[in-house]
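**Student:**
There are 4 protein chains.
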Amino acid sequence: MAMAGWYQSLDQQLVAASVRLSCILFLDSKIIRLLANHPFFGITVMTADRNAGKSIESLFPHFITQKDLPILVSSNDAIFSDVDAVLCCLPHGTTQEIIKALPKGLKIVDLSADFRLRDTSEYEEWYGQPHRAPDLQEEAIYGLTEIFREEIKNARLVANPGCYPTSIQLPLVPLIKSKLIEYKNIIIDSKSGASGAVPEIEQGLSHAAHSKVTVSFTPHLMPMSRGMQSTIYVEMAPGVTHLYQQLKVSYEDEEFVKLLEKGVVPRTHDVRGSNYCYMNVFPDRISGRAIIISVIDNLVKGASGQALQNLNIMMGFPENTGLGYLPLFP
Amino acid sequence: MAMAGWYQSLDQQLVAASVRLSCILFLDSKIIRLLANHPFFGITVMTADRNAGKSIESLFPHFITQKDLPILVSSNDAIFSDVDAVLCCLPHGTTQEIIKALPKGLKIVDLSADFRLRDTSEYEEWYGQPHRAPDLQEEAIYGLTEIFREEIKNARLVANPGCYPTSIQLPLVPLIKSKLIEYKNIIIDSKSGASGAVPEIEQGLSHAAHSKVTVSFTPHLMPMSRGMQSTIYVEMAPGVTHLYQQLKVSYEDEEFVKLLEKGVVPRTHDVRGSNYCYMNVFPDRISGRAIIISVIDNLVKGASGQALQNLNIMMGFPENTGLGYLPLFP
Amino acid sequence: MAMAGWYQSLDQQLVAASVRLSCILFLDSKIIRLLANHPFFGITVMTADRNAGKSIESLFPHFITQKDLPILVSSNDAIFSDVDAVLCCLPHGTTQEIIKALPKGLKIVDLSADFRLRDTSEYEEWYGQPHRAPDLQEEAIYGLTEIFREEIKNARLVANPGCYPTSIQLPLVPLIKSKLIEYKNIIIDSKSGASGAVPEIEQGLSHAAHSKVTVSFTPHLMPMSRGMQSTIYVEMAPGVTHLYQQLKVSYEDEEFVKLLEKGVVPRTHDVRGSNYCYMNVFPDRISGRAIIISVIDNLVKGASGQALQNLNIMMGFPENTGLGYLPLFP
Amino acid sequence: MAMAGWYQSLDQQLVAASVRLSCILFLDSKIIRLLANHPFFGITVMTADRNAGKSIESLFPHFITQKDLPILVSSNDAIFSDVDAVLCCLPHGTTQEIIKALPKGLKIVDLSADFRLRDTSEYEEWYGQPHRAPDLQEEAIYGLTEIFREEIKNARLVANPGCYPTSIQLPLVPLIKSKLIEYKNIIIDSKSGASGAVPEIEQGLSHAAHSKVTVSFTPHLMPMSRGMQSTIYVEMAPGVTHLYQQLKVSYEDEEFVKLLEKGVVPRTHDVRGSNYCYMNVFPDRISGRAIIISVIDNLVKGASGQALQNLNIMMGFPENTGLGYLPLFP
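Residue numbers (full-length UniProt numbering), protein chains in the order written: chain S, 1 to 330; chain E, 1 to 330; chain D, 1 to 330; chain B, 1 to 330.
#1: By Cβ distance below 6 Å, which residues in the same chain neighbour residue 282 (chain S) in space, the five residues on each side in sequence not counted?
#2: Tell me residue 192 (chain B)'s beta-bridge partners as DSSP assigns them.
#3: Locate the alpha helix (DSSP H) running through residue 206 (chain B), then write down its first and last residues.
#4: Just checking, does the segment 194-204 of chain S make contact with the segment 157-167 of chain S on the three C-beta pairs under 8 Å criterion?
#5: Across which residues does DSSP place residue 157 (chain D) in a beta bridge pair?
#6: Note down, one range per segment and in chain order, each alpha helix (DSSP H) of at least 4 residues found wholly within the UniProt domain "Semialdehyde dehydrogenase NAD-binding" (29-155) of chain B.
#7: Name the chain B residues whose beta carbon is nearer than 8 Å to that of residue 291 (chain D)?
#8: Counting only the same chain and skipping the five closest in sequence on each side, list residues whose C-beta sits under 8 Å from that of residue 330 (chain S).
#9: Using only the alpha-carbon positions, how far apart do residue 374 (chain D) and residue 43 (chain D) sit?
#10: For residue 215 (chain B) and residue 235 (chain B), which I take to be in contact (beta-carbon distance under 8 Å), what is that distance rounded to the nearest angstrom?
#11: With 16 other CB atoms within 10 Å as the buried threshold, where does residue 22 (chain E) fall?
#12: For residue 119 (chain B), return the contacting residues in chain D, with the cut-off set at a CB-CB distance below 8 Å.
#13: Contact criterion: CB-CB distance below 9 Å. Does residue 64 (chain B) meet it with respect to chain S?
#14: Beta-carbon of residue 124 (chain S) versus every beta-carbon of chain B: anything under 9 Å?
#15: Quick one: using the 10 Å Cβ neighbour count with 16 as the cut-off for buried, is residue 258 (chain B) buried or exposed?
#16: Buried or exposed, going by whether 16 or more other CB atoms sit within 10 Å of the CB of residue 326 (chain S)?
#17: Classify residue 245 (chain S): buried if its beta carbon has 16 or more other beta carbons within 10 angstroms, exposed otherwise.
#18: I'd like to know if the segment 91-109 of chain S and the segment 133-147 of chain S are in contact, where contact means that at least 3 CB-CB pairs between them fall below 8 Å.
#19: In terms of residue numbering, what span does the beta strand (DSSP E) encompassing residue 296 (chain S) cover?
#20: Any beta-carbon of chain B closer than 9 Å to the one on residue 319 (chain S)?
#21: Is the Cβ-Cβ distance between residue 117 (chain S) and residue 304 (chain S) less than 9 Å?
#22: In three-state DSSP terms, what is residue 179 (chain D)?
#23: Ignore the nearest five residues each way along the sequence and tell me which others in residue 146 (chain D)'s own chain have a CB closer than 6 Å to its CB.
#24: In the structure shown, what three-state DSSP assignment does residue 308 (chain E) receive?
#25: When the Cα of residue 144 (chain D) is compared with those of D:159, D:131, D:154, D:53, which residue comes out closest?
#26: Between which residues of its own chain and residue 52 (chain S) is the CB-CB distance below 8 Å, once the five residues before and five after are set aside?
#27: Under 9 Å, do residue 179 (chain S) and residue 213 (chain S) count as touching if we go by C-beta distance?
#28: Going by DSSP, what residue range makes up the alpha helix (DSSP H) through residue 276 (chain S)?
#29: Please list, in chain order, all residues of the same chain as residue 247 (chain D) whose beta carbon is under 8 Å from its beta carbon, the five residues on each side excluded.
#30: Which of the three DSSP states is assigned to residue 258 (chain S) in this structure?
#31: Residue 310 (chain S) to residue 29 (chain S), Cα distance in whole Å?
#32: Thinking C-beta only, is residue 32 (chain B) closer than 9 Å to residue 63 (chain B)?
#33: How is residue 286 (chain D) classed by DSSP in three states: helix, strand or coil?
#34: Assuming contact is defined by CB atoms lying nearer than 9 Å, are residue 232 (chain B) and residue 265 (chain B) in contact in what I supplied?
#35: Helix, strand or coil: how does DSSP classify residue 300 (chain E) here?
#36: Go to residue 247 (chain D), then tell me how far its alpha helix (DSSP H) extends in each direction, as first and last residue.
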């Protein structure tokens with residue numbers, strides 16, 4: 001392929017770039033869609049213990065056209081010799097042991113919650129069991145791409161953020177860092193088809209604030225297969241009258257985070273199927289307050305899309321490679 | 001009918017109880033459903049200028065079985081001699097003149113916004129035109145049934161509340177009256193298939209607080225034909241640790257307002273098609289705060305159901321007459 | 001209750017009319033809704049083995065207002081001494097033994113498929129196990145109300161029809177009996193949220209035709225919580241040019257089966273929550289053919305509503321008692 | 001770009017390939033999505049009379065990231081000097097005059113119904129007005145790609161098929177051509193969010209049959225923003241027992257038409273957002289009959305996707321260029 005030259009200049013040792021998906025969850029089928037059009041990645045191994053021996057199209061008929069995908073194998077039968085990178089989509093809790101056992105040279109993006117919380121005692125508190133790979137936890141980089149891009153570049157293991165934390169931290173972290181909003185009384189009302197927890201959000205905001213931030217977080221289950229909206233109610237710092245300008249500066253060079261024109265309400269169906277986060281900030285009737293709305297496709301920017309964005313960075317590829325999907329509207 | 005005797009003791013002069021619906025809007029078809037099973041009301045006149053001369057079933061095939069309903073007439077052709085009460089479902093703005101011209105002896109429940117705001121200058125500000133019936137405005141009683149029941153009993157004209165204000169004021173008014181929550185920083189995040197405005201809400205809360213209350217109100221449009229959920233974020237007054245008990249006391253004798261068991265989340269499909277408001281109060285992660293969730297069917301308790309509840313009271317009927325519909329779940 | 005006098009004149013032996021629901025399935029919650037407003041029935045026993053000891057409102061919050069409902073008991077603990085009638089909503093297969101063990105004096109409507117097929121060898125073929133109560137099967141009356149009303153009056157055990165068979169047989173049986181359509185090449189394309197089978201349909205049509213009828217039946221799963229539409233493609237008998245008139249004659253005195261005005265398409269949301277079946281017949285572009293469309297709420301006329309209609313008949317009550325719900329539109 | 005060389009061999013004069021979209025309809029936003037990732041096409045002109053002067057992102061916020069798109073202009077202000085091809089998405093009826101006035105050298109794909117019917121008298125009968133460009137009608141090629149690919153290669157004007165006709169003709173044309181099914185009594189029951197008409201379908205099937213085919217066609221409106229399913233009931237020719245094999249042979253080399261494994265039911269959400277048509281054939285309970293199910297995304301293979309597929313062919317590009325979108329599931 002014409003791309004080979006450029007690719008080899010990137011990494012002379014690689015014969016063929018390849019990604020190994022560690023299991024077949026619901027989530028995974030989204031990654032396969034993204035990788036199917038990726039110019040540098042092929043999928044060489046896909047594991048799925050209960051479905052070992054089956055084709056992916058027998059489980060997901062919408063992949064009937066993807067005849068090059070490997071047959072599913074059990075984790076024990078997976079061979080990593082041709083593998084450069086792993087996207088790990090195992091359930092929370094079982095991931096730690098699996099990743100501990102992987103060859104050290106692999107680049108790993110983990111989509112579970114297992115390495116998202118820096119404080120392993122907090123992990124134990126929320127997930128009800130001690131962390132079994134604290135060393136890896138220490139090494140893991142939190143993969144909120146636009147905030148931790150530099151750290152991700154050199155990471156070996158990236159903990160991909162949850163969907164709610166992605167939609168919430170992207171607007172709040174710049175505002176907290178710039179001290180434009182109060183750290184107290186941040187109220188978050190999110191709507192999606194998924195449930196979620198709050199420690200990851202508070203960790204990210206506390207890190208940005210250099211002090212403990214506790215938020216009010218209420219996720220509402222909606223009958224939607226894709227899409228997540230977070231409405232965030234904040235108090236502005238004394239004398240602050242503008243949040244819009246800060247978000248504009250923070251994200252004007254970002255490809256996947258977009259501040260809308262003033263007054264335009266972000267809508268989930270405007271990002272469906274894409275890796276975009278749309279956001280905007282609105283005045284509140286109560287003086288000194290503001291309302292922020294952000295939307296993502298929870299299955300793309302909130303999961304597999306951001307995972308691929310991170311992996312692109314880790315591998316030295318252009319960050320947007322394979323992510324050029326425009327929203328599917330309507 | 002066997003009920004006639006009881007009914008005559010209520011009003012000897014009446015030959016046949018009757019309700020006149022003043023127009024055929026989307027909204028109206030809901031009232032017809034409720035009146036169809038009402039033991040004391042018959043519908044003698046229905047007006048609909050553009051559809052005058054048509055049967056209701058030709059517009060709404062689900063009424064094919066209601067063969068006793070009168071043919072639609074234009075407003076000018078409506079005869080009020082046999083009419084005791086009017087449910088007025090005209091668009092905002094056109095209602096004032098119509099009601100001004102009605103015979104004085106009629107009981108009227110108006111479902112438009114025209115008589116909801118006590119301050120006619122506020123009406124002008126929000127609706128962009130001066131109020132054309134300020135005397136009637138002065139006379140009108142705000143029909144939030146559980147709060148203003150005594151005033152409704154003797155009212156001639158009731159302004160039926162909007163759906164958002166109903167779902168929001170029912171939980172907040174008792175908490176404000178009892179001074180259990182702060183009046184500032186009340187944040188309301190509502191989800192429904194309808195849009196809405198805030199002055200009616202602030203009027204009701206200010207009235208309960210005896211001081212001006214300004215709220216943050218964000219309605220979210222959801223793809224749902226029926227159902228409204230309001231999530232309300234409040235600060236408790238200093239030293240207050242409980243809101244649940246107050247709501248329990250306030251509503252324990254109410255038929256249509258139900259405080260759920262602690263921990264149970266109110267869901268819109270649990271009230272669909274019924275006149276119930278379900279509510280509950282939850283602790284917030286942020287100390288000193290609480291989260292209230294209330295749900296109604298916006299087309300019943302938020303419109304025609306509460307209208308009939310009010311009319312029952314105005315006519316001296318048992319308040320729940322014709323409103324014994326259990327929720328249609330699923 | 002004031003109704004007792006009238007009720008006693010109906011059946012002097014009864015002290016209190018009562019219905020025993022034999023289990024708590026998804027389906028059952030619909031029957032409870034219907035019985036809650038029924039003037040002659042109270043619910044004295046509800047069984048649910050896994051949920052024994054719980055209240056119905058703890059399982060279905062929309063029943064929070066129904067404080068008179070009995071606590072769920074296990075089948076073994078159910079006492080039938082005060083019970084006059086049973087609505088049995090157990091899964092297919094387990095029903096036969098349960099009903100065999102009930103006191104002989106009870107009126108029973110069974111909502112499972114266990115007694116719907118007259119030919120027990122056909123039952124065995126479709127359900128994979130021999131029928132364990134062939135005597136009861138012989139006794140059972142098929143409860144398609146408008147077709148078998150006379151038989152139902154004296155029945156002790158009624159097999160309530162499936163939802164697809166109800167929506168399909170109601171229009172087809174009169175047309176087959178009057179020999180207006182060919183028995184061959186009947187094509188049925190149904191849309192609902194449920195799956196279904198065909199032997200019950202063919203049994204009913206064959207019975208009407210006095211000869212074996214085989215149909216083409218394709219049920220399509222749609223994302224709808226309530227509602228079922230059957231589109232039926234038929235060949236008219238030689239020389240026949242009208243089907244509408246026959247359906248009009250067949251159903252003009254029926255309360256729950258309605259032939260719409262010519263040209264009006266039956267829509268599922270026009271019968272939602274009600275016991276109605278709406279139908280109509282349309283000309284086909286292909287000469288000699290016709291298209292029939294019928295709609296029901298699969299959870300009412302297709303299940304609990306027809307069950308109550310049957311039970312009313314079996315008890316000698318007016319057939320529409322407790323079934324006066326107008327459709328919930330929209 | 002590496003592709004430039006190949007492209008220049010196609011047309012030495014072009015500096016930049018470009019497509020002119022003739023108007024902004026709902027439909028058009030889909031084409032823009034497809035062209036955004038197309039390697040050989042840029043969009044140089046977009047017309048929209050009422051919205052002239054606006055950006056596309058002000059109308060469709062999901063295009064906020066497409067900063068290179070031209071500002072909308074009115075039809076009169078459109079300049080065609082840099083334009084090689086036109087995708088015309090004007091309403092039925094107004095298209096004829098517009099296309100008549102275009103420079104003769106342009107390749108045109110028209111998405112309206114104006115040039116789909118070969119017989120202009122049939123056009124007049126169905127659309128209520130005489131055809132105003134019968135010469136163009138004569139020249140137009142019907143763009144059902146897999147059936148008329150050879151004709152499309154040399155076409156100047158392609159009439160892009162309607163969505164229902166696409167989903168119906170793709171399975172039926174090969175079966176009719178091979179005389180495996182009877183031409184009479186073809187019954188088509190389609191489900192989608194759009195309405196549709198039948199003459200285009202009968203034209204295509206009659207052409208394949210070399211004799212007049214009249215079908216029974218019933219489109220059902222479903223609450224779905226994308227997706228179309230056609231269920232087709234056919235009689236097999238005497239002695240025929242297999243249709244599957246014929247469809248397999250007809251489409252085994254096609255990229256966008258897929259016959260599923262035996263027994264797998266095509267589902268609309270398995271093709272959502274993609275240019276695929278999935279189909280399968282099932283035995284019928286009635287001997288001698290078969291049931292065919294086909295699904296497409298009505299906004300892609302049923303409209304803009306097939307349009308781009310056709311334009312690729314007309315321009316000499318690989319047919320699948322810019323169409324490599326996998327289905328967006330779920």
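Yeah, the Cβ is synthetic: ideal placement off N, Cα and C, and Gly gets one too.
**Tutor:** Checking against the coordinates, here is how it stands:
#1: Excluding residues within five positions, the ones whose Cβ falls inside 6 Å are 291.
#2: Bridge pairing for residue 192 (chain B): B:221, B:228 [DSSP].
#3: Its alpha helix (DSSP H) spans residues 199-209.
#4: With contact defined as three or more Cβ pairs closer than 8 Å, the segment 194-204 of chain S and the segment 157-167 of chain S are in contact.
#5: Among the bridge pairs identified by DSSP, residue 157 (chain D) is matched with D:108.
#6: Fully enclosed alpha helix (DSSP H) runs of 4 or longer: 56-59, 95-100, 120-127, 134-139, 145-153.
#7: For the C-beta of residue 291 (chain D), the chain B residues within less than 8 Å are, from N- to C-terminus, 216, 218.
#8: Closer than 8 Å at Cβ, skipping near neighbours: 269.
#9: One cannot answer for residue 374 (chain D) here, as it falls past the ends of chain D, which runs 1 to 330.
#10: The Cβ separation is near 12 Å, so there is no contact.
#11: Because residue 22 (chain E) carries a pLDDT of 48, less than 50, the predicted location of this residue cannot be relied on, and the following value inherits that uncertainty. When all chains shown are included, residue 22 (chain E) counts as buried.
#12: None at all; the shortest Cβ gap to chain D is about 17 Å.
#13: Answer yes: the Cβ-Cβ gap between residue 64 (chain B) and chain S drops below 9 Å somewhere.
#14: Look at residue 124 (chain S): its C-beta is not under 9 Å from any C-beta on chain B.
#15: By the 10 Å Cβ count, residue 258 (chain B) comes out buried.
#16: In this structure residue 326 (chain S) is buried. Its beta-carbon is surrounded by 16 or more other beta-carbon atoms within 10 angstroms.
#17: Answer is exposed; the Cβ neighbour count stays below 16.
#18: The segment 91-109 of chain S, when compared against the segment 133-147 of chain S, does touch it at the 8 Å Cβ threshold.
#19: From DSSP, the beta strand (DSSP E) with residue 296 (chain S) extends over 289-296.
#20: Residue 319 (chain S) does not count as touching chain B.
#21: For the pair residue 117 (chain S) and residue 304 (chain S), the CB atoms are not nearer than the 9 Å cut-off.
#22: Coil.
#23: In chain order, 254, 257 place their CB closer than 6 Å to the CB of residue 146 (chain D), counting only its own chain and leaving out the 5 sequence neighbours on each side.
#24: Correct three-state label for residue 308 (chain E): helix.
#25: The residue with the shortest Cα to Cα distance from residue 144 (chain D) is D:159.
#26: Excluding residues up to 5 positions away in sequence, 72, 73, 74, 77 lie with their Cβ nearer than 8 Å to the Cβ of residue 52 (chain S) in the same chain.
#27: With contacts defined by Cβ atoms closer than 9 Å, residue 179 (chain S) and residue 213 (chain S) do not form a contacting pair.
#28: No residue range can be given for residue 276 (chain S), since it is assigned to no alpha helix (DSSP H) and is classified by DSSP as neither H nor E.
#29: Listed in chain order, the non-local C-beta contacts of residue 247 (chain D) below 8 Å within the same chain comprise 171, 174, 175, 259, 279, 281, local neighbours out to five positions each way being set aside.
#30: Note: residue 258 (chain S) maps to strand in three-state DSSP.
#31: Roughly 18 Å between the two C-alpha positions.
#32: Taking 9 Å as the Cβ cut-off, residue 63 (chain B) and residue 32 (chain B) qualify as a contacting pair.
#33: In this structure, residue 286 (chain D) counts as coil in the three-state DSSP scheme.
#34: In this structure, residue 265 (chain B) does not lie closer than 9 Å to residue 232 (chain B) by Cβ.
#35: Helix.
#36: Residues 244-251.
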